[in-house]
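The structure appears below as structure tokens.
Chains as they are written, first to last, in our numbering: chain W, 2 to 365; chain A, 23 to 291.
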């Protein structure tokens with residue numbers, strides 16, 4: 002199929018439809034509103050369900066209800082809206098139902114602004130709601146990758162009966178790029194045996210996240226943890242770029258990971274052997290792949306569009322074997338290759354002390 | 023000795039000539055419930071189960087339990103069920119009905135769940151004319167958390183979070199949400215019934231049946247508010263609790279029909 006020019010939000014919507022989304026419930030919020038608008042046109046065209054909810058709280062609970070029916074259902078939002086969805090996400094996780102979500106991240110905290118950000122890393126990978134769970138979170142760095150990831154997301158959601166989140170920053174949602182759209186996916190008509198669709202010819206199915214009794218809830222949590230461990234074992238995804246002979250390593254995800262490739266090339270033109278490690282799955286974090294690179298480099302620079310969130314995971318994995326430096330921009334300021342290069346040069350000149358650059362200035 | 027007692031079956035042989043006039047509904051499981059003595063949740067469960075049986079929809083009905091005393095309702099109904107977050111049952115019901123329009127979907131919600139934390143969800147679900155049924159159980163308090171003040175708490179009523187009695191100047195007035203929902207054009211059926219006497223219970227069952235019929239006929243949103251007891255939180259006996267409904271609740275929450283779709287008017291059930 003030929004490549005076409007697509008806007009990120011609309012490409013994500015169309016790819017989700019081709020992946021088999023049967024229902025979409027959402028609420029407008031910049032910078033993802035085009036996704037909802039696209040769905041409002043396209044879903045009825047295909048005889049599928051679209052409904053604009055009264056709030057993100059309404060939307061995620063509509064998603065929850067439809068998911069209990071064993072239907073391929075999704076929503077999309079942006080950071081403040083995701084905050085409102087967290088209650089629902091926790092119930093969904095506690096109930097083992099498959100749900101696909103898109104988070105087009107914007108600057109926070111609070112109302113923040115509508116610029117690109119990676120400020121939801123903690124929110125999605127560490128604490129997407131109360132209790133112990135992690136959504137399977139995937140971070141694309143191009144619109145094509147966003148399309149490919151969302152195309153796989155229902156398979157993953159149903160395989161593990163889990164929440165799958167595609168996390169793009171505002172620039173993934175808003176920019177246009179050439180994309181090859183995948184074909185419409187075929188799904189069997191049969192619904193999962195656990196689905197709540199009326200107790201016809203069988204004992205009733207119940208979907209709940211309530212387990213009264215300490216041992217009962219602990220057993221339920223043990224089962225959830227086993228499932229998460231399975232996801233952790235099977236679904237770590239990442240890309241490496243020029244890491245074979247690298248002496249210095251940049252770690253960055255999403256849009257920043259993509260920009261970092263230019264920084265790597267620029268550094269190499271100046272004789273600095275730099276490589277890039279780009280996590281694609283943010284949870285599960287691609288730990289073993291990063292771990293294998295640590296001892297081969299002299300130092301690591303983590304670059305994010307936040308005040309330092311993923312860097313905590315990197316530090317955990319590096320475990321003080323090498324200095325882990327940080328360059329963070331916030332509020333929608335995008336770190337450019339020159340910024341990364343300048344910091345790299347300072348790191349190379351330095352004595353191994355860990356640097357933290359925030360908002361264009363050195364903090365230590 | 024009463025007439026009924028004298029006609030009691032004397033031997034098993036007589037049973038073959040008897041007609042079953044009262045039995046355990048298929049839509050209700052034969053299990054003990056956790057409800058307090060004198061609580062009317064059990065009666066309301068039974069009425070719903072009888073209606074589902076009579077309409078022949080048990081196998082295509084999904085019930086949505088609230089957060090509150092009825093949180094375990096899915097363990098008592100013999101139907102598919104789910105458990106919603108506090109107040110979110112109407113949104114869940116919306117998601118379900120939209121992807122399964124041929125199924126019968128109902129929520130079972132208390133006054134704290136529906137009128138307070140779930141106010142936005144219920145308002146928009148009614149406004150959209152979502153073709154679902156809501157059984158709204160109003161007992162003026164948050165029973166499960168220990169009897170705190172609810173939006174429906176009566177003026178002057180003492181609860182664990184209004185120890186000086188509900189002061190309407192400070193804590194507002196009781197919310198008559200069913201009347202509010204009746205204003206929504208999407209609402210097909212909105213009525214208030216009570217559990218305080220056998221006659222009222224029979225009226226409540228008819229209303230529940232009409233509400234489900236509204237859904238089956240695709241007429242729109244239907245809600246039956248049922249005034250219910252909470253002897254435990256009210257600190258009175260079960261008998262006094264029934265009188266409390268009649269004497270104290272009904273004057274604030276008048277029984278009656280607030281909206282009945284044309285297609286349902288004059289229907290005998």
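Here a beta-carbon is modelled for each residue, glycine too, at the ideal position from N, C-alpha and C.
This one's a predicted model, so the numbers in the text were calculated from it and none came from an experiment.
For chain A, is any of its Cβ atoms less than 8 angstroms away from the one on residue 52 (chain W)? Counting from one through the first chain, the residue named residue 52 (chain W) turns up at place 51. Yes, its Cβ sits closer than 8 angstroms to a Cβ of chain A.
Beta-carbon proximity of residue 247 (chain A) to residue 128 (chain A), cut-off 8 angstroms: As a position in the second chain, residue 247 (chain A) is number 225, starting the count at 1. As a position in the second chain, residue 128 (chain A) is number 106, starting the count at 1. In this structure, residue 128 (chain A) does not lie closer than 8 angstroms to residue 247 (chain A) by Cβ.
Residues that residue 56 (chain W) contacts on chain A, provided the C-beta gap is smaller than 7 angstroms: Translated into positions along the first chain, residue 56 (chain W) becomes position 55. Result: 142.
Counting only beta-carbon separations shorter than 8 angstroms, does residue 161 (chain A) have a partner in chain W? As a position in the second chain, residue 161 (chain A) is number 139, starting the count at 1. Answer no: the Cβ-Cβ gap between residue 161 (chain A) and chain W never drops below 8 angstroms.
Which bits of chain A does residue 208 (chain W) rub up against, with CB to CB less than 9 angstroms? For the purposes of this step, residue 208 (chain W) is taken as residue 207 along the first chain, with counting starting at 1. Under the 9 angstroms cutoff, chain A gives 96, 102, 103, 104 and 105.
Can you name, in chain order, every residue of its own chain whose Cβ lies under 8 angstroms from the Cβ of residue 283 (chain W), other than the five neighbours on each side? Reading the first chain from its first residue, position 282 is the one you call residue 283 (chain W). 122, 125, 126, 138, 139, 140, 168, 254 and 311.
Report the rounded CA-to-CA distance for residue 198 (chain W) versus residue 80 (chain A), giving the unit in angstroms. On the first chain, residue 198 (chain W) is found 197 positions in, with the first residue counted as 1. On the second chain, residue 80 (chain A) is found 58 positions in, with the first residue counted as 1. In this model, residue 198 (chain W) and residue 80 (chain A) are separated by some 11 angstroms (Cα to Cα).
Is residue 254 (chain W) helix, strand or coil by DSSP? The residue given as residue 254 (chain W) occupies position 253 in the first chain. Three-state result, residue 254 (chain W): coil.
Helix or strand or just coil, what does DSSP make of residue 347 (chain W)? For the purposes of this step, residue 347 (chain W) is identified with residue 346 of the first chain, where counting begins at 1. Annotated three-state conformation of residue 347 (chain W) is helix, per DSSP.
Whole alpha helix (DSSP H) runs in the segment 52–124 of chain W with 4 or more residues, listed along the chain? Correct list: 57–69 and 80–96.
Tell me whether residue 26 (chain A) sits in a helix, a strand or coil according to DSSP, three-state version. Here residue 26 (chain A) is taken as the residue at index 4 of the second chain, counted from 1. Residue placement at residue 26 (chain A) is poorly supported in this model, since its pLDDT is 44, which falls under 50; the coordinates are not used for a value here.
Would you say residue 331 (chain W) faces chain A, with C-beta separation under 8 angstroms as the test? Looking up residue 331 (chain W) in the first chain gives position 330. For residue 331 (chain W), the answer is no, since every Cβ of chain A falls outside 8 angstroms of its Cβ.
Per DSSP, what are the beta-bridge partners of residue 131 (chain A) in this structure? Position 109 of the second chain, counted from the start, is the residue given in the question as residue 131 (chain A). Answer by DSSP bridge pairing, in chain order: A:158.
Neighbourhood of residue 145 (chain A) by C-beta, 8 angstroms cutoff - its chain only, sequence neighbours within 5 removed: Numbered from its first residue, the second chain carries residue 145 (chain A) at position 123. Cβ neighbours of residue 145 (chain A) beyond the five flanking positions: 202, 203 and 206.
Express the C-alpha separation of residue 41 (chain A) and residue 73 (chain W) in angstroms, rounding to a whole number. Sequence index remark: in the first chain, residue 73 (chain W) carries index 72 (1-based). Sequence index remark: in the second chain, residue 41 (chain A) carries index 19 (1-based). If I take the Cα positions, the gap works out to 48 angstroms.
When you compare the CB of residue 227 (chain A) with every CB in chain W, is at least one pair closer than 8 angstroms? As a working mapping, residue 227 (chain A) is identified with position 205 in the second chain. False, the Cβ-Cβ gap to chain W never drops below 8 angstroms.
Who are the Cβ neighbours of residue 365 (chain W) in its own chain at under 7 angstroms, not counting the five residues just before and after it? Walking along the first chain from the start, residue 365 (chain W) turns up at place 364. The residues are 356 and 357.
Does residue 222 (chain W) get closer than 8 angstroms to chain B when you measure Cβ to Cβ? Absent from the structure: chain B. Protein chains present are W and A.
Pull the bridge partners of residue 211 (chain A) from the DSSP assignment, please. Counting from one through the second chain, the residue named residue 211 (chain A) turns up at place 189. The partner list for residue 211 (chain A) (beta bridge, DSSP) reads A:244 and A:282.
Using only CA atoms, which one of W:14, W:331 and W:49 lies nearest to residue 151 (chain W)? In the first chain, counting from the first residue as 1, residue 151 (chain W) sits at position 150. Comparing Cα positions, the closest option is W:14.
Selection of the segment 3–28 of chain W by Cβ proximity to chain A, strictly under 9 angstroms: Within the segment 3–28 of chain W, the qualifying residues are 23, 24 and 26.
List the whole-angstrom C-beta distance separating residue 118 (chain W) from residue 128 (chain W), where the pair is believed to meet the contact cut-off of C-beta under 8 angstroms. Working through the first chain from its first residue, we reach residue 118 (chain W) at position 117. Working through the first chain from its first residue, we reach residue 128 (chain W) at position 127. That pair is no contact at about 17 angstroms.
Any C-beta of chain A sitting closer than 8 angstroms to the C-beta of residue 365 (chain W)? For this step, residue 365 (chain W) is matched to residue 364 along the first chain. For residue 365 (chain W), the answer is no, since every Cβ of chain A falls outside 8 angstroms of its Cβ.
Spatial distance of residue 103 (chain A) from residue 3 (chain W) (CA atoms): As a working note, residue 103 (chain A) is residue 81 in the second chain. As a working note, residue 3 (chain W) is residue 2 in the first chain. C-alpha separation (whole angstroms): 47 angstroms.
Kindly give me the distance between the Cβ atoms of residue 89 (chain A) and residue 63 (chain A), rounded to whole angstroms, as I take these residues to be in contact under 8 angstroms. If you number the second chain from 1, residue 89 (chain A) lands on position 67. If you number the second chain from 1, residue 63 (chain A) lands on position 41. Residue 89 (chain A) to residue 63 (chain A), Cβ: 14 angstroms. No contact.
Would you give the residue range spanned by the alpha helix (DSSP H) that residue 134 (chain W) belongs to? Translated into positions along the first chain, residue 134 (chain W) becomes position 133. For residue 134 (chain W), no alpha helix (DSSP H) segment is defined, and its DSSP state is neither H nor E.
Around the Cβ of residue 185 (chain W), are there at least 16 other Cβ atoms within 10 angstroms (buried) or fewer (exposed)? In the first chain, counting from the first residue as 1, residue 185 (chain W) sits at position 184. So residue 185 (chain W) counts as exposed.
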